[in-house]
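Enquirer:
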Amino acid sequence: MACSHYTTFSSSPLGISNNHNTKNNNKHPITITNKPFLFLLPSSPLLTNTLISSESKRRRNSELNGRNGYFRNLIKCQNQRSRGNSISSIAVATTDSTVTETGTDEDKIIKEEENSPVVLPTNDSSENLLRIRHTCAHVMAMAVQKLFPDAKVTIGPWIESGFYYDFDMEPLTDKDLKKIKKEMDRIISRNLPLVREEISREEAEKRIQAINEPYKMEILDGIKEDPITIYHIGNEWWDLCAGPHVESTGKINKKALELESIAGAYWRGDENKQMLQRIYGTAWESEDQLKAYRHFKEEAKRRDHRRIGQDLDLFSIQDDAGGGLVFWHPKGAIVRHIIEDAWKRMHIQHGYDLLYTPHVAKADLWQISGHLDFYKENMYDQMKIEEELYQLRPMNCPYHILIYKRKLHSYRDFPIRVAELGTVYRYELSGALHGLFRVRGFTQDDAHIFCLEDQIKDEIRGVLDLTEEILLQFGFNKYEVNLSTRPEKSVGGDDIWEKATTALRDALDDKGWDYQTDEGGGAFYGPKIDLKIEDALGRKWQCSTVQVDFNLPQRFDITYVDSNSEKKRPIMIHRAVLGSLERFFGVLIEHYAGDFPLWLSPIQARMLPVTDTQVSDFLFTLQIPFHVPLQRSIH
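Counted the way my numbering counts, the sequence shown spans residues 1 to 635.
#1: Return the CA-CA distance between Glu287 and Gly462, expressed in angstroms with no decimal places.
#2: What's the call for Met383, buried or exposed, on a 16-neighbour Cβ count within 10 Å?
#3: Can you check the segment 538-568 for any beta strand (DSSP E) of at least 3 residues that lies completely inside it and give the ranges in chain order?
#4: Can you say whether Gly243 is buried or exposed, counting buried as having 16 or more other CB atoms within 10 angstroms of its CB?
#5: Give the range of the beta strand (DSSP E) segment to which Trp513 is assigned.
#6: If you run the structure through DSSP and keep just helix, strand and coil, what is Met383?
#7: Which residue spans inside the segment 330-386 form an unbroken alpha helix (DSSP H) run of at least 4?
#8: Please check the pair Ser261 and Tyr411, which I expect to be a contact at CB under 8 angstroms, by giving their CB distance rounded to whole angstroms.
#9: Of the residues Val418, Gly250, Arg278 and Glu198, which one's Cα is nearest the Cα of Arg643?
#10: Using the C-alpha atoms, what's the distance from Val587 back to Met142?
#11: Helix, strand or coil: how does DSSP classify Thr621 here?
#12: Among the residues of its own chain, which have a CB less than 8 angstroms from the CB of Ile403, if the five just before and after it don't count?
#13: In three-state terms, what does DSSP make of Ile163?
#14: Does DSSP classify Arg207 as helix, strand or coil?
#15: Could you name the residues of the same chain whose beta carbon sits closer than 7 angstroms to that of Lys457, not counting the 5 residues immediately before and after it, in chain order?
#16: As a quick exercise: from Gln209, Ile188, Asp221 and Asp239, pick the residue whose alpha carbon is nearest that of Tyr165.
#17: If I measure Cβ to Cβ from Val424 and keep anything under 7 angstroms in the same chain, skipping five residues before and after, which residues do I get?
#18: Three-state secondary structure (DSSP) at Asn65?
#19: So which of Asn272, Cys241, Val360 and Ile348 has the shortest CA-CA distance to Leu389?
#20: Could you tell me if Leu408 is buried or exposed, where buried requires 16 or more neighbouring beta carbons within 10 angstroms of its beta carbon?
#21: Using 8 angstroms as the threshold, is the C-beta distance between Phe585 and Val335 below it?
#22: If distances are taken between C-alpha atoms only, which option among Glu468, Arg438 and Leu421 comes closest to Leu429?
#23: So, is Thr154 buried or exposed, given that buried needs 16 or more other C-beta atoms within 10 angstroms?
#24: Who are the near neighbours of Ile401 in its chain, counting only those whose CB is closer than 7 angstroms to its CB and skipping five residues on each side?
#25: Looking only at DSSP bridge pairs, what is Asn128 linked to?
#26: Could you compute how far the alpha carbon of Met379 sits from the alpha carbon of Glu271?
#27: In chain order, what residues of the same chain have a beta carbon less than 6 angstroms from the beta carbon of Ile449, not counting five sequence neighbours either side?
#28: Can you name, in chain order, every residue of its own chain whose Cβ lies under 6 angstroms from the Cβ of Val548, other than the five neighbours on each side?
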């Protein structure tokens with residue numbers, strides 16, 4: 001029997017249609033006879049209108065013959081499919097009960113599933129689009145200063161889906177946005193040329209002082225290169241800028257341009273500095289692209305994990321407790337439990353030992369690790385306990401090193417792989433917090449591998465294999481991979497850097513993955529591989545990281561005894577597959593729009609029992625266990 005995403009029951013000889021096309025079989029009810037009867041119904045949020053009605057029809061007892069085997073296959077199909085409903089229903093009924101399905105909401109789902117992700121050009125794929133967006137930011141700044149002469153300009157870059165510009169001015173309204181858009185349209189219609197000019201630093205200072213733009217003066221102070229580049233729009237307006245831009249404002253399609261929103265933003269991202277008015281806009285090469293982008297935004301809004309998390313009662317962030325601290329509700333906790341179980345099982349299969357370590361440690365530990373020197377602004381304040389200072393952990397690495405150091409290791413012990421779902425705490429500004437994506441307390445799926453130099457490649461390849469296995473389990477099979485190499489300032493010798501970087505590159509080549517190389521983009525303590533996953537809307541999410549570390553083994557003075565009985569320093573590899581459970585769960589919610597695969601659903605079955613005895617007896621015949629009292633399992 002072929003597995004179908006949706007299954008319809010009709011009045012066939014067995015009361016079940018072998019044709020699983022919901023569009024054609026919605027009007028044929030199934031009549032249930034005088035024994036308890038089990039079946040599955042999809043019941044995602046879009047299917048809450050599924051009807052269960054009664055109708056006086058009887059069929060012979062023999063109609064039940066063979067049904068048990070059918071439903072075992074049906075359950076198997078539901079579990080094997082790659083994507084399913086957030087909730088599936090098991091209904092149990094007796095004589096005189098009939099089940100019908102309207103099909104209206106199912107048609108909606110089928111239509112949605114047939115839609116492929118929106119494919120739009122990006123700044124990387126289209127230099128013309130990047131130029132358009134950059135020019136739009138300048139045109140918008142020109143329009144704002146025409147309408148609001150007292151407004152001071154700051155910066156205005158292109159971004160992933162458009163552009164923005166920050167202004168020091170009185171708060172703007174939506175009505176102001178419409179005025180600004182009209183003025184931009186006029187500037188575009190005039191087809192004003194964009195002209196690049198190079199001037200000396202002294203001349204730039206003189207011009208900026210003449211127009212009284214203090215933020216531009218601060219930006220100029222930060223520019224190291226000479227000469228200074230500015231761009232003119234016609235003879236009426238200019239800005240500090242290195243480009244690139246389109247040749248003239250007429251190259252912008254004003255019908256493919258839209259101002260989207262207003263937000264507050266601190267100058268230089270510092271909450272102690274001036275609050276600015278940020279205007280966001282989007283620009284495309286054609287009207288069709290703008291329409292597709294609008295559809296994308298609507299779909300992204302529909303999939304917003306914050307809304308779905310509330311609607312499905314999965315999690316919350318409580319003001320009484322504080323921002324960025326996640327409360328997992330019962331249904332969300334079930335999903336987390338499933339994720340953690342799968343993660344642990346696959347790690348054990350790949351030779352990892354599981355760890356549990358404390359959430360706090362003496363401040364001295366963070367001094368040794370270097371966190372107090374380089375990461376202090378992201379850590380919470382120290383606590384004094386019995387004359388000693390303690391601090392919440394921002395990372396798990398030092399704990400795993402302490403476990404390694406508890407005993408002497410031989411070269412024969414390697415590789416040593418340890419893994420932990422460890423909760424960490426990092427200070428984030430309240431304005432940066434965002435649902436599950438940016439929080440103050442989260443659980444990392446951290447693992448560390450201690451190995452020999454000649455084992456680096458095999459261990460990296462093993463990490464990539466495990467990463468692929470886990471991500472495929474959750475429905476992600478499209479990745480963007482980056483290899484980051486040695487920066488100008490680094491620790492470790494040339495030989496080990498070359499060996500580690502080659503090992504990472506060879507492991508990627510062996511996997512056959514396409515990847516980009518970010519020359520000089522690695523951390524100061526080692527090269528790394530970063531992996532972004534692509535969701536149902538084609539968005540990229542930073543997820544997995546594999547990082548070779550030459551720094552912490554030296555800081556903590558960890559060693560092993562080699563074949564010549566001499567002490568040597570092992571190689572340490574940091575790696576995370578999911579990154580953060582909270583963030584990954586948010587991505588899962590938006591990827592599936594809350595319509596999780598059956599195996600990942602918080603409620604995988606619903607029962608409509610007549611009596612507990614009938615239900616339990618029938619479930620027993622199908623070998624379906626239940627682990628809670630039936631009164632609690634009825635939803």
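Cβ coordinates follow ideal geometry from the N, Cα and C atoms, glycine included.
Expert: Looking at the coordinates:
#1: The straight-line gap separating the alpha-carbon atoms of Glu287 and Gly462 is approximately 47 angstroms.
#2: With fewer than 16 other Cβ atoms within 10 Å, it is exposed.
#3: Annotation note: the segment 538-568 contains the following uninterrupted beta strand (DSSP E) runs of length 3 or greater, listed N- to C-terminal: 540-549.
#4: Per the 10 Å Cβ criterion, exposed.
#5: It is not in any beta strand (DSSP E) - Trp513 carries neither H nor E in the DSSP assignment.
#6: If DSSP states are grouped into helix, strand and coil, Met383 belongs with the strands.
#7: Uninterrupted alpha helix (DSSP H) stretches at least 4 residues long and entirely within the segment 330-386 occur at 330-349, 363-369 and 371-374, given in chain order.
#8: Cβ atoms of Ser261 and Tyr411 stay farther apart than 8 angstroms, at about 59 angstroms.
#9: Beyond the ends of the chain as shown, which are 1 and 635, falls residue 643; an answer cannot be given.
#10: Approximately 38 angstroms, taken between the alpha carbons.
#11: Here DSSP, grouped into helix, strand and coil, assigns Thr621 to helix.
#12: Result list for Ile403: Leu355, Thr357 and Val418, in chain order.
#13: Rather than Ile, the amino acid found at residue 163 in this sequence is Phe. Of the three classes helix, strand and coil, the one that applies to Phe163 here is strand, per DSSP.
#14: It is helical.
#15: Within the same chain, Lys457 has close Cβ partners Ala503, Asp506 and Ala507.
#16: Restricting attention to Gln209, Ile188, Asp221 and Asp239, the CA atom closest to the CA of Tyr165 is found in Asp239.
#17: Excluding sequence neighbours, Val424 sits near Arg393, Pro394, Met395, Asn396, Phe442 and Gln444.
#18: Legend: pLDDT at Asn65 = 37, less than 50; position of this residue unreliable, value from coordinates given subsequently. Coil at Asn65, not helix or strand.
#19: With distances taken between Cα atoms, Leu389 lies closest to Val360.
#20: Answer is exposed; the Cβ neighbour count stays below 16.
#21: Yes; because the gap between Cβ atoms is below 8 angstroms, this pair is in contact.
#22: In terms of Cα proximity to Leu429, the closest of Glu468, Arg438 and Leu421 is Arg438.
#23: Result: buried.
#24: Excluding the 5 residues flanking it on each side, Ile401 has same chain C-beta neighbours closer than 7 angstroms at Leu552, Phe556 and Ile558, in chain order.
#25: Partner(s): none; Asn128 has no beta bridge.
#26: Met379 and Glu271: Cα-Cα distance of roughly 18 angstroms.
#27: Apart from sequence neighbours up to five positions away, the residues of its chain that approach Ile449 with a beta-carbon distance below 6 angstroms are Pro415, Arg417, Glu459 and Ile573, ordered along the chain.
#28: The residues are Ala500, Gly526, Pro527 and Ile573.
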